[in-house]
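Going letter by letter, the sequence shown gives residues 762 to 1269 in the working numbering. Ideal placement from N, C-alpha and C gives every residue a C-beta, glycine not left out.
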Amino acid sequence: MSTVLEQIEQQIAKLSAKAVRKNTGTIRTLADGVAKIDGLSDVMYNEMVQFPGGAIGIALNLEENEVGCVILGDVSQLKEGDEVKTTGKLLSVPVGKALLGRAVDALGQPIDGKGPIDAKETYPVEKIAPGIIERKSVTQPLLTGIMAIDSMIPIGRGQRELIIGDRGTGKTTIAVDTIINQAKINKVGLASGDPKFRPVYSIYVAIGQKNSNIVRTIAALENAGALEYTIIVAAPAADNAANQYIAPYSGASMGEWFMENNMDSLIVYDDLSKHAVAYRQISLILKRPSGREAYPGDVFYLHSRLLERSARLDGKGSLTALPIIETLAGDVSAYIPTNVISITDGQIFLETDLFNQGIRPAVSVGLSVSRVGSAAQLKATKQVAGKLKGELAQFRELAAFSQFGSDLDAKTKSQLDRGARVVELFKQPAFDPISIELQVVTLWAMQKGYYENLTISKVMSAAASLRTFMTTRHDTLLTKIRTKAAVDAEIEAELKTACDSWQSTFSA
Ligand SMILES: Nc1ncnc2c1ncn2[C@@H]1O[C@H](COP(=O)(O)OP(=O)(O)OP(=O)(O)O)[C@@H](O)[C@H]1O
Ligand SMILES: [Mg+2]
């Protein structure tokens, strides 16, 4: 026993009392927004570290004798040998209603020149997604205002619906339309004074986009009066990869604040393909091994932990996610698209061919699906749109097939004719979402054959004229459809009278 004690005493005596600098380190190497740091022995995974000059880093690689950090903010002032301090805090961003109407960077700092943001709270950027006990199934609709989507691929609050398609097929437009529609619904709902009305607040996260595109999106939202219900989180292409990597998580935290505080919110990630590329860049510089398509092995986890944070919480609010993925030549079987398809509850697939034929929004009915949203679809929409998706898918097949033969039987001809009218009906210009009551009217008139005697090219303008007619002359009927959310015998009778009188005024 005594020998053990002696040994310990000897060991202690040998220790020198030299101060050890535990929580500071020095930059050993610095490249492309990633720093390797010596001496940060106390740092936590994902902890914020402070660089001189105010730049912030996140510790991502904790190795035996160095720490790999990505740097957010300006790296031009940093050099090797600079001192780095740990902060003891996980990366956090400001959250709350003060951010509405503002454009911020990946760290939640304003970039719109409208002054500081007075946020009372902050949330950590990385949060564990809610577990299954806390969740509730989707039952409330989230209306996009796009007829083809609300009637055939309905989305519910808390759902994750992927928007996928090639470059320039209208992906951003669908997301922006949805945000604009929320603002429109919010204005009507809040003005109605209905205590049960739940507004939806939106967050648009722009990742790796050109600044000019982001400015265009903000302008579209502002013109539509939707900015006051929206937070813009921007990590443009000119930002370093670390900012682009963090931005969607920051946006998710801002959305979670609404969800936790019994409100509903919608988040758009535009787009996750560029997010994956930014993460690949960081990983390769951190010397993590690369795998399929040179992406690191955890790229699935990158997106799954982000999208799992969208949910509808029992007794609280919801966070609906619309992630966007860009495909190359329509290839949905590439690595990142298949990953994200498997994480989401459905996808809206946009086809280049349709877009070029002028069928916009270029939604492919065959390849688009919403796996949970029909539980949230309004009864009125179900009543008027019931079989449209099947009919339209059948039409596309028939149309391709009938190109080869001229002898078509009467039934096929009438199917083709009806299909062509539905296609026309679903064409909709950008940034012009249609309220659900007007969608019901438009589709009800289709169901009852009001567009049947028109030339096909006139269907779109006829539907638009019907909507104008209804808005100006039958406002009470529209309110009735909205509040009842179903087409009963009384509404049906009134619709018939209204549509009949519209038909007599409309000349094609
Ligand atoms: N429904 C529509 N009607 C008419 N034009 C549209 C419609 N949707 C999109 N466009 C037009 O198509 C172009 C591309 O749209 P958008 O930017 O939304 O596509 P994207 O898929 O997001 O493109 P990118 O791949 O560059 O991000 C825009 O000029 C837009 O105005
Ligand atoms: Mg886009």
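In the structure shown, Asn-807 adopts coil according to DSSP, grouped into three states.
If you draw a 10 Å sphere on the C-beta of Glu-770, you find fewer than 16 other C-beta atoms in it, and that means exposed. Counting the other CB atoms within 10 Å of its CB gives Ile-889 a total below 16, which places it among the exposed residues.
For the region 874-904, the continuous beta strand (DSSP E) assignments of 3+ residues that do not extend past its boundaries occur at 882-885, in sequence order. Residue environment: Ala-1082 is assigned as buried (16 or more neighbouring CB atoms within 10 Å of its CB, all protein chains considered).
Close CB contacts of Gln-811 within its chain, under the 6 Å cut and outside five residues either way in sequence, are with Lys-846 and Thr-848 (chain order).
In this structure, Arg-977 has its CB at a distance of at least 6 Å from all heavy atoms of ligand 1. Here the distance from the Cβ of Ala-1191 to the nearest heavy atom of ligand 1 is below 6 Å.
At a Cβ-Cβ threshold of 7 Å, Leu-903 and Val-1101 do not count as neighbours. Straight-line spacing of the CA atoms in Ala-1160 and Leu-1177 works out to 7 Å.
Between ligand 1 and the CB of Pro-1122, the shortest heavy atom gap is smaller than 6 Å. Going by beta carbons, Asp-938 and Thr-1113 fall outside the 7 Å limit. Between Ile-1086 and Ser-1131, the gap from beta carbon to beta carbon reaches 7 Å or more.
At the C-beta level, Asn-807 and Leu-851 come within 7 Å of one another. Apart from the 5 residues on each side of it in sequence, Val-1184 sits with its Cβ closer than 8 Å to the Cβ of Ile-1120, Leu-1153 and Phe-1156 in its chain, given in chain order. DSSP places Arg-1041 in the uninterrupted alpha helix (DSSP H) bounded by 1033-1046. For Glu-844 and Thr-883, the gap between their C-alpha atoms comes out near 27 Å.
Look at Thr-939: its beta carbon is at least 6 Å from all of the heavy atoms in ligand 2. Residue side-chain check: Lys-1035 keeps its Cβ at 6 Å or more from all non-hydrogen atoms of ligand 2. Here Val-1145 is actually not in contact with Asp-1106; their C-beta atoms are around 24 Å apart, not less than 8 Å. Shortest gap from the CB of Thr-933 to any heavy atom of ligand 2: under 6 Å. Residue pairing of Pro-1057 in beta bridges, as defined by DSSP: Ser-1051.
At a threshold of 6 Å, Gly-929 counts as near ligand 1, since its beta carbon sits closer than that to one of the ligand's heavy atoms. For Thr-787, the beta-bridge partners assigned by DSSP are Asp-799 and Glu-844. Linking Val-765 to Gln-772 through their CA atoms gives a straight-line distance of about 11 Å.
Under the three-state reduction of DSSP, Gln-870 is assigned to coil, being neither helix nor strand.
Boundaries of the alpha helix (DSSP H) around Glu-1253: 1250-1266. Measuring C-alpha to C-alpha distances from Val-949 to each of Glu-825, Val-1093 and Ala-987 identifies Ala-987 as the nearest. Residue Arg-1073 holds the alpha-carbon nearest to the alpha-carbon of Arg-896 among Ala-1247, Gln-1164, Arg-1073 and Gln-1264.
With at least 16 other beta carbons inside 10 angstroms of its own, Ile-993 counts as buried. Annotated three-state conformation of Ile-935 is helix, per DSSP. If you ignore the 5 residues before and after Lys-1241, its C-beta comes within less than 7 Å of the C-beta of Ile-1252, all in its own chain and listed in chain order. Pairing Arg-863 with Pro-871 gives a Cβ-Cβ distance under 7 Å. The straight-line gap separating the alpha-carbon atoms of Gln-943 and Pro-960 is approximately 8 Å.
Across the set Gly-892, Asn-1214, Gly-919 and Met-1020, the C-alpha of Asn-1214 shows the shortest separation from the C-alpha of Ser-1265. By the 16-neighbour rule on beta-carbons within 10 angstroms, Arg-1053 is exposed.
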